Amino acid sequence: MKLQGKIAVVTGGARDIGRAVSVKLAKEGAKVVVNYFENEADAEATVREVVEAGGEAIAVYGDMTRQEDIDRMVGRTREAFGDRVDILVNVAGGLFARKTIEEMDEAFFDLLMDVNLKTVFLVTKAFKPMMQEGASIVNFASQAARDGGGPGASIYATSKGAVMTYTRALAKEFGPQGIRVNALCPGMIATKFHDDFTKDEVRTKVAGGTPLRREGRASEVADLVAYLASSESSFLTGNNIDINGGLAFS
5 MKLQGKIAVV TGGARDIGRA VSVKLAKEGA KVVVNYFENE ADAEATVREV VEAGGEAIAV
65 YGDMTRQEDI DRMVGRTREA FGDRVDILVN VAGGLFARKT IEEMDEAFFD LLMDVNLKTV
125 FLVTKAFKPM MQEGASIVNF ASQAARDGGG PGASIYATSK GAVMTYTRAL AKEFGPQGIR
185 VNALCPGMIA TKFHDDFTKD EVRTKVAGGT PLRREGRASE VADLVAYLAS SESSFLTGNN
245 IDINGGLAFS
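Numbering (our numbering) for the sequence shown: 5 to 254.
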């Protein structure tokens, strides 16, 4: 197991891609802190899946836009697994609704920037003192950051574009300390996100437009996260890696 003895923190780790990442890291030997916000049952189900796979995990509630919640999660991490974090995966984010610029207000703008960008800043800042040489951070951007997103997703796409830029900046800042920072830009992955915000006919069209003629799976994204978290990717940092079935190329 390539992550044996490692400690991992996964924000938004309770369902969909976050769950797949949490379970994959655990299967590779890491002990995992599964952060959740809305659904404790989902988080506990993720922990059970980890335990059933022979791993170790804890579920920790927290709104990653709130410093006090993040501080509490840092404390829970220290209590459960000690003072070191080797892997930080910033999955937490969201779209909430599709709105044109005429339909959105300042509060909606702030919400999307907070949940998609501010969370990465706050969580990374909080856990950075626990990270040593060899640690890895994996952020989540989006294909929307490459192409501007679909209808009504302008600020979502913009916030994810900022995550891409922030990833490059952190890679430069943390590199001399031996800490790597990369991001993923997922395309159409079969998750609740698209169940909620993408029409079936659009999903069918997009999937059919990829060279592989299908949507991606959360497990495939998790496999890539595990690679970036491991020493197998030891000379990769500052990358925004597309995983979209060939639909778009960087």
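Ideal placement from N, C-alpha and C gives every residue a C-beta, glycine not left out. Treat the numbers as computed from the prediction; the structure is a model and nothing was measured.
In this structure, the beta-carbon distance from residue 90 to residue 139 falls below 8 Å. Counting only runs of at least 4 residues, the segment 37–74 fully encloses the following alpha helix (DSSP H) elements, listed from N- to C-terminal order: 44–56. Runs of the alpha helix (DSSP H) spanning 4 or more residues and lying entirely within the segment 90–177 occur at 110–117, 123–131, 147–151, in chain order.
A distance below 8 Å separates the beta carbons of residue 97 and residue 144. Within the same chain, and ignoring the five residues on either side of residue 19 in sequence, the residues whose Cβ sits closer than 6 Å to its Cβ are 46.
For residue 23, the enclosing alpha helix (DSSP H) stretches over residues 20–31.
A distance of 8 Å or more separates the beta carbons of residue 78 and residue 38. For residue 171 and residue 164, the gap between their C-alpha atoms comes out near 11 Å. Residues 252 of the same chain have their beta carbon placed closer than 7 Å to that of residue 151, with the five preceding and five following residues left out of the count. The C-alpha of residue 111 is placed about 10 Å away from the C-alpha of residue 117. Note on residue 212: under 16 other CB atoms within 10 angstroms of its CB, so exposed under the neighbour-count rule. In the same chain as residue 223, and ignoring 5 residues on each side of it, the C-beta atoms closer than 6 Å to its own belong to 24, in chain order.
In the structure shown, the three-state DSSP call for residue 212 is helix. For residue 161, same chain residues with a beta-carbon under 8 Å away, outside a window of 5 residues either side, are 146, 148, 149, 151, 152, 153 in chain order. Residue 184 sits in a strand when the DSSP states are folded into three classes. With respect to the 8 Å criterion, residue 22 and residue 16 are classified as neighbours on the basis of their beta carbons. Secondary structure note for residue 87: it is in no alpha helix (DSSP H), with a DSSP letter that is neither H nor E.
With contacts defined by Cβ atoms closer than 8 Å, residue 7 and residue 233 form a contacting pair. The secondary-structure analysis by DSSP pairs residue 35 across a beta bridge with 11, 60. For residue 244, the beta-bridge partners assigned by DSSP are 187.
Collapsing the DSSP output to three states places residue 220 in a strand.
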